[in-house]
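Each residue of the sequence shown is one higher than the one before, counting from 364 in the working numbering. Ideal placement from N, C-alpha and C gives every residue a C-beta, glycine not left out. Working notes, structure below.
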Amino acid sequence: ATRGATWAFLRYAADRRGIADGDVWMRLANSTTAGLQNLQAVFGDGVLGLVRDWVVSLYADDYIAGVLPSFTQPSWNFRTAFLRVPGSPRSYPLLNAVRSMTDEASHQAVLRGGGGAFYRFSVAPGREASIRVTASGAAPPPTVRATILRRR
364 ATRGATWAFL
374 RYAADRRGIA
384 DGDVWMRLAN
394 STTAGLQNLQ
404 AVFGDGVLGL
414 VRDWVVSLYA
424 DDYIAGVLPS
434 FTQPSWNFRT
444 AFLRVPGSPR
454 SYPLLNAVRS
464 MTDEASHQAV
474 LRGGGGAFYR
484 FSVAPGREAS
494 IRVTASGAAP
504 PPTVRATILR
514 RR
C-alpha cells in the first residue's frame with residue numbers, strides 16, 4: 364500500500380510539474396538528498412501543498428464536475444482502472460473509505476503525514492451547516508487542513 368501510494372503521488376506530482384517525465388524521474392533517482400529534501404529539490408518548496416492537493420484529487424478526480432485542475436489526475440482515472448485490473452477487477456477502494464456525517468454527531472479520524480480522511484454530508488436547501496476541526500479538543504496544528512468540495 365505504501366509503495367502504491369508513493370507511486371500515485373509521484374505520478375500526480377510529475378503531471379503537475381509540467382516538464383518531461385524523464386527529467387523528473389532522473390532528478391529524483393540521481394539526487395544526493397532523500398525524503399522531503401529530495402521532493403523539494405524536484406517539485407519546489409510547496410511540496411506539502413502538493414501532497415494535500417493530491418489527497419483531494421484521490422476523491423475528486425473524474426467524480427466532481429468543475430473541480431480545480433489541481434484536484435485532478437491527468438494520467439489516470441483510478442475509478443475505472445480498478446474495474447479493469449486483469450484477474451481481480453474491483454471497485455475503487457476509496458469508495459468504501461468515505462464516511463457519512465450526520466447532524467450533531469462527532470467523527471474521529473486518525474491522520475498520518477500525507478494522509479487524509481473523507482466525509483460526505485448534505486445540507487438541506489435554505490439551511491446552514493458548520494464543521495469544526497479539532498485535535499484532541501484544541502485547534503489542529505497548521506499542517507492539518509480541511510478542504511470542502513461541493514458536489515451537485
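task = Determine the extent of the alpha helix (DSSP H) in which N401 is found, giving its start and end residues.
result = Counting from 1 along the sequence shown, the entry for residue 401 is found at position 38. Its alpha helix (DSSP H) spans residues G398 to F406.
ask   = Measuring CA to CA, which of G489, A480, V496 and A392 is closest to V419?
value = On the sequence shown, position 56 is the one that residue 419 refers to. Minimum Cα distance to V419 is reached at A480.
request  = Grab the span of the alpha helix (DSSP H) containing L373 for me, first residue to last.
outcome  = Taking the first residue of the sequence shown as 1, we reach residue 373 at position 10. Per DSSP, L373 belongs to the alpha helix (DSSP H) from T365 to R380.
query = Around the C-beta of L421, are 16 or more other C-beta atoms found within 10 angstroms, so that it is buried, or is it exposed?
reply = Here the question's residue 421 lines up with position 58 in the sequence shown. Flag for L421 reads buried.
request  = Mind listing, in chain order, the continuous alpha helix (DSSP H) runs of no fewer than 4 residues lying wholly within the segment 417 to 489?
outcome  = Given a length threshold of 4 residues, each whole run of the alpha helix (DSSP H) inside the segment 417 to 489 is given here in chain order: 441 to 444.
query = With which residues is A498 paired in a DSSP beta bridge?
reply = Here the question's residue 498 lines up with position 135 in the sequence shown. Bridge partners of A498 according to DSSP: A501.
query = CA-CA distance, Y470 and D424?
reply = The residue given as residue 470 occupies position 107 in the sequence shown. The residue given as residue 424 occupies position 61 in the sequence shown. Checking the sequence shown, residue 470 turns out to be His, not Tyr. Answer to the nearest angstrom: the Cα atoms are 25 Å apart.
request  = Could you check the C-alpha separation between A444 and P456 for me, to the nearest Å?
outcome  = As a position in the sequence shown, residue 444 is number 81, starting the count at 1. As a position in the sequence shown, residue 456 is number 93, starting the count at 1. If I take the Cα positions, the gap works out to 11 Å.
inquiry  = Please tell me whether, using a cut-off of 7 Å, the distance from the CB of D386 to the nearest non-hydrogen atom of the ligand FAD is below it.
reply    = By its list of ligands, the structure shown contains no ligand whatsoever, and the ligand FAD lies outside what it can speak to.
ask   = Around the Cβ of L402, are there at least 16 other Cβ atoms within 10 angstroms (buried) or fewer (exposed)?
value = Residue mapping note: residue 402 aligns to position 39 of the sequence shown, counting from 1. L402 comes out buried.
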